[in-house]
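I have placed the structure first, in the form of structure tokens, so that the comments after it can refer back to it.
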Amino acid sequence: MRIIRNTTPFGDGFRMPAEYEPHEGCIMIFPERADSWQYGGYAARKAFVQVAEAIGESERVTVCAGAAQYDNARAMLPAHIRVVEMSGNDAWARDYAPTFVKNDTGVIRGIDWGFNAWGGLYDGLYFPWDKDNQMARKLCDLLEKDVYDRRDFILEGGSIHVDGEGTCMVTESCLLSRGRNPELSKQEIEEILRNYLNVSVILWLPWGIYNDETNGHVDNICAFTAPGEVVLAWTEDKEDTQYAMSKACLDYLEQAVDARGRRLRIHKLPLPKPVTVTKEECGGLDACGDQPARVPGERLAASYVNYYIANKSVVMPGFGDPADREAREILQKLFPDRKIVQIYTRDILIGGGNIHCITQQIPL
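Here the sequence shown is numbered in the working numbering, starting from 55 and rising by one per residue.
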């Protein structure tokens with residue numbers, strides 16, 4: 055593995071492929087953190103295993119597990135899923151596994167962004183995050199991929215979506231938050247994205263999902279389903295705080311043009327009714343520093359947009375809500391050649407994210 059510091063993916067002819075392009079595999083991290091995963095993480099691990107098994111039907115899955123959980127992970131996961139011991143602070147593969155880029159000859163490289171737990175000492179979610187920040191480089195070494203060093207720039211994989219044809223989608227609430235790169239202007243952030251993702255157009259949605267602790271990652275509010283097409287998390291309830299946030303995103307997207315000059319086709323994906331954490335669930339979480347990890351009644355950032363596109367399937371969350379079926383049917387129409395697998399993910403959501411947050415694709 056070479057650590058590349060003096061060139062960029064754009065300069066070297068590499069681009070970030072869209073998630074719906076072919077994959078070599080997927081990276082996940084086994085959960086164990088006691089202030090993220092209630093009651094020892096047992097229920098969360100079962101949900102993680104279901105996600106890994108669903109993805110593993112059509113691509114190779116690598117699960118990283120800390121030393122304390124390696125044997126459990128190996129026992130719970132089927133033999134065709136690779137398990138490697140690797141230390142980390144939590145289990146959010148999307149946000150600190152490498153962002154992978156490829157060139158026209160099929161060479162794959164990783165990007166090692168800086169990670170500071172979604173806001174560092176300003177409004178980050180835990181401390182320390184040093185082991186998480188080492189994982190991108192370790193994974194590139196494991197996978198024998200060269201890696202671009204961009205640890206000086208704070209960015210999570212869940213805060214970017216690309217269409218594979220020169221368009222990147224982000225949210226202002228996240229990328230312009232004070233806890234990430236406050237010394238950089240919006241234009242300077244755009245320039246880094248252009249050089250490292252090899253995109254020419256960046257779409258800046260104003261918001262993410264209400265109460266999303268990541269400052270509103272784009273992967274929870276909006277995602278590309280094909281070049282020129284997106285799904286947008288939507289509610290018809292005008293009394294819900296989320297309505298104005300989704301409406302602002304819709305207004306922006308309706309006037310946006312992608313890198314190929316296309317107006318976007320926007321498909322509304324309904325949101326479940328607000329999901330709130332219970333007193334019993336809070337009782338199963340360790341404190342985070344001197345603060346409770348969750349408080350009863352706290353609204354969680356539940357969204358069906360937080361799905362993973364595998365080679366032959368789309369693995370999406372379910373919440374035991376009447377909207378589960380409608381969301382599943384919409385995604386089936388948008389991905390007619392892929393099987394839609396819906397997994398009940400409340401036990402992942404309590405940790406702070408969902409299926410897209412716990413996965414990172416390796417392009418083919």
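C-beta: ideal position from N, C-alpha, C; glycine also.
ask   = What do you reckon, are the CB atoms on Lys199 and Gly142 nearer than 7 Å?
value = Taking the first residue of the sequence shown as 1, we reach residue 199 at position 145. Taking the first residue of the sequence shown as 1, we reach residue 142 at position 88. Against a cut-off of 7 Å, the Cβ pair of Gly142 and Lys199 comes out as no contact.
key: Nearest neighbour of Arg353, chosen from Ala364, Val331, Gly173 and Arg248 [CA to CA]   = Against the sequence shown, residue 353 aligns to sequence position 299. Residue Val331 is the option with its Cα nearest to Arg353.
ask   = What number of angstroms, rounded off, separates the C-alpha of Ile58 from the C-alpha of Val329?
value = The count along the sequence shown starts at 1 and reaches residue 58 at position 4. The count along the sequence shown starts at 1 and reaches residue 329 at position 275. Cα to Cα, the separation comes out at about 43 Å.
key: 7 Å CB neighbourhood of Ile384 in its chain, flanking five on each side removed   = Stepping through the sequence shown from its first residue, residue 384 is reached at position 330. The residues are His321 and Leu323.
Assigned secondary structure, Lys55 (DSSP; H/G/I helix, E/B strand, else coil) = The sequence position of residue 55 within the sequence shown is 1, counting from 1. Here residue 55 turns out to be Met, not Lys, going by the sequence shown. Here Met55 sits in coil by DSSP.
task = Report the three-state DSSP secondary structure of Met223 (helix, strand or coil).
result = On the sequence shown, position 169 is the one that residue 223 refers to. Looking at Met223 - three-state DSSP - the assignment turns out to be strand.
inquiry  = Within 8 Å, do at least three Cβ pairs link the region 155 to 169 to the region 63 to 82?
reply    = yes
task = In the DSSP assignment, find the alpha helix (DSSP H) that holds Leu251 and state where it starts and stops.
result = Residue 251 sits at position 197 when you count from the first residue of the sequence shown. Where Leu251 is concerned, the enclosing alpha helix (DSSP H) stretches over Lys240 to Leu251.
task = Counting only the same chain and skipping the five closest in sequence on each side, list residues whose C-beta sits under 6 Å from that of Cys194.
result = Here the question's residue 194 lines up with position 140 in the sequence shown. Result list for Cys194: Met55, Pro152, Gly164 and Val201, in chain order.
message = For Leu257 and Thr279, which I take to be in contact (beta-carbon distance under 8 Å), what is that distance rounded to the nearest angstrom?
response = Here residue 257 corresponds to residue number 203 of the sequence shown, with the count starting at 1. Here residue 279 corresponds to residue number 225 of the sequence shown, with the count starting at 1. Wrong, their Cβ atoms sit about 15 Å apart, outside the cutoff.
inquiry  = Between which two residues does the beta strand (DSSP E) holding Gly168 run?
reply    = Along the sequence shown, one-based indexing puts residue 168 at 114. It spans Ile162 to Gly168 - the beta strand (DSSP E) in which Gly168 sits, taken as one unbroken run.
query = Would you say the region 105 to 116 touches the region 82 to 97, given that touching needs at least three Cβ pairs under 8 Å?
reply = yes
Bounding residues of the alpha helix (DSSP H) (the contiguous stretch that carries Ile412) = One-based indexing of the sequence shown puts residue 412 at position 358. Element bounds for Ile412: n/a, residue is neither H nor E.
Asp149 beta carbon less than 7 Å from that of Gly211 = Mapped onto the sequence shown, residue 211 falls at position 157. Mapped onto the sequence shown, residue 149 falls at position 95. Yes, the pair counts as a contact, with Cβ atoms nearer than the cut-off.
key: Residues near Gly338 by beta carbon distance below 7 Å, same chain, minus five either side   = Counting from one through the sequence shown, the residue named residue 338 turns up at place 284. The residues are Gln92 and Tyr93.
task = Assign Phe373 to buried or exposed, taking buried as 16 or more other Cβ atoms, counted over all protein chains shown, within 10 Å of its Cβ.
result = Start at 1 with the first residue of the sequence shown, and residue 373 comes out as number 319. Burial call: buried.
The beta strand (DSSP E) enclosing Thr279, as first and last residue numbers = The sequence position of residue 279 within the sequence shown is 225, counting from 1. Where Thr279 is concerned, the enclosing beta strand (DSSP E) stretches over Cys276 to Ala280.
inquiry  = Using 7 Å as the threshold, is the C-beta distance between Ala347 and Asp89 below it?
reply    = Mapped onto the sequence shown, residue 347 falls at position 293. Mapped onto the sequence shown, residue 89 falls at position 35. Taking 7 Å as the Cβ cut-off, Ala347 and Asp89 qualify as a contacting pair.
ask   = Given a threshold of 16 other Cβ atoms within 10 Å of its Cβ, counted over all protein chains shown, does Lys192 qualify as buried or as exposed?
value = Translated into the one-based positions of the sequence shown, residue 192 becomes position 138. Answer is buried; the Cβ neighbour count reaches 16.
ask   = Given that a residue counts as buried once 16 or more other Cβ atoms are within 10 Å of its Cβ, and exposed if not, what is Val224?
value = Locating residue 224 in the sequence shown gives position 170, counting from the first residue. Buried, since its Cβ has 16 or more Cβ neighbours within 10 Å.
inquiry  = On the CB-based measure, 16 or more other CB atoms within 10 Å of its CB, does Thr61 come out buried or exposed?
reply    = Translated into positions along the sequence shown, residue 61 becomes position 7. Exposed: under 16 other Cβ atoms inside 10 Å.
request  = Buried or exposed for Ala101, please, with buried defined as at least 16 other CB atoms from any protein chain shown within 10 angstroms of its CB.
outcome  = If you number the sequence shown from 1, residue 101 lands on position 47. That one is buried.
query = For the region 238 to 252 against the region 283 to 299, are there 3 or more C-beta pairs whose distance is under 8 Å?
reply = no
request  = Could I get the ranges of all uninterrupted alpha helix (DSSP H) runs contained in the region 342 to 402, with 4 residues as the minimum, in chain order?
outcome  = 377 to 388
ask   = Who does Arg202 pair with in a DSSP beta bridge?
value = Here residue 202 is taken as the residue at index 148 of the sequence shown, counted from 1. For the record, residue 202 in the displayed sequence is Tyr; it is not Arg. DSSP lists Ile58 and Ile165 as partners of Tyr202.
ask   = For the candidate residues Asp391, Ala129 and Ile208, whose alpha-carbon lies nearest to that of Asp13?
value = As displayed, the chain neither begins before 55 nor continues past 418, which places residue 13 out of reach and without an answer.
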